[in-house]
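Peer 1: Just passing along the structure, written as structure tokens.
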Amino acid sequence: MSFQKALEEVKQGRFMEPLLCLDLCRQIRKQYFFQDSNILTLKTPITLVGDIHGQLNDLLELFEIGGYPPQTNYLFLGDYVDRGKFSVETIQLILLLKILYPKSVQMIRGNHESETVNRVYGFYDEIKVKYAPAFSTQIFKGLFLFFISTILLLLLLLLLLLLLLLLLLFLSYSLQ
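The opening residue of the sequence shown carries number 1 in UniProt numbering; numbering runs sequentially from there.
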């Protein structure tokens, strides 16, 4: 099944086949998240969307009102999963749109895109229910593994800012 056909299935509330979902995760990591800059260049106008939390029907309604990519540009602000009953389908829909329309869909990480939070708020359990045990762990790890690079970049940026601050303090002290 192609990603375009999978998109139509997910829009109907059906989650992807396990092997196709794993392939989607690999493609996303390879093509976008390990190659994208940590500074996004966004094309306006753009629609900001945050805190979907597995509410697939709300996301679909948003697309019906605002337009689907590529006609409308979107920046998703994270917290795609947990709490709602359709977290798997929600993140799959957004990732499929990212693969199919990369210039129209941008994503950043929210606090729910981590293994610890997912285990507490339900995403991990939802994957176990929807996918066989052999695939559930692989899919779980694959869905958010691409955000690791973002976390490392943020930590590096914070470290650089701290070093810059220390340098400025040192320079201001030495000039006195």
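Note that beta-carbon positions come from the ideal geometry of N, C-alpha and C, so glycine has one too. Predicted, not measured: the structure shown is a model, and the values here were computed from it.
Sorted by chain position, which residues of the same chain lie with C-beta nearer than 8 Å to Gln-92's C-beta, five sequence neighbours on each side aside?
Peer 2: Excluding residues within five positions, the ones whose Cβ falls inside 8 Å are Ala-6, Val-10, Phe-15, Met-16, Cys-21, Leu-24.
Peer 1: Can you tell me whether Ile-148 is helix, strand or coil according to DSSP?
Peer 2: In this prediction, Ile-148 scores a pLDDT of 47, lower than 50, which makes its location untrustworthy; the coordinate-derived value is nonetheless stated afterwards. The answer is helix: DSSP assigns Ile-148 an H, G or I state.
Peer 1: Below 8 Å on the Cβ atoms is my contact criterion, and I expect Lys-128 with Val-88 to pass it. Report the Cβ-Cβ distance as a whole number of Å.
Peer 2: Not confirmed; about 11 Å, so no contact.
Peer 1: Output needed for Ser-104: all residues of its chain with C-beta closer than 6 Å, excluding positions within five of it in sequence on either side, in chain order.
Peer 2: Only Pro-69, Pro-70, Asn-73 meet the Cβ criterion.
Peer 1: Can you tell me whether Asn-111 is helix, strand or coil according to DSSP?
Peer 2: Coil at Asn-111, not helix or strand.
Peer 1: Just tell me which of Gln-12, Leu-56, Pro-18 has its CA closest to the CA of Ala-132.
Peer 2: When each option's Cα is compared against that of Ala-132, the closest is Pro-18.
Peer 1: So, Asp-82 versus Tyr-121, is the Cβ gap smaller than 7 Å?
Peer 2: Yes, they are a contact pair.
Peer 1: Look at the alpha carbon of Gly-84 and the alpha carbon of Gln-31, and state the distance between them as a whole number of angstroms.
Peer 2: Each residue's Cα considered, the two are about 28 Å apart.
Peer 1: Please check if any C-beta of chain C sits within less than 7 Å of the C-beta of Thr-72.
Peer 2: Of the protein chains in the structure, only one exists, and it is not chain C.
Peer 1: Going by DSSP, what residue range makes up the beta strand (DSSP E) through Tyr-74?
Peer 2: Residues 73–76.
Peer 1: With distances taken from CA atoms, which of His-53, Gln-55, Tyr-101, Gly-66 is nearest Thr-47?
Peer 2: Nearest C-alpha to Thr-47: Gly-66.
Peer 1: DSSP puts Leu-49 in a beta bridge; with which residues?
Peer 2: Here residue 49 turns out to be Val, not Leu, going by the sequence shown. Its beta-bridge partners are Phe-76.
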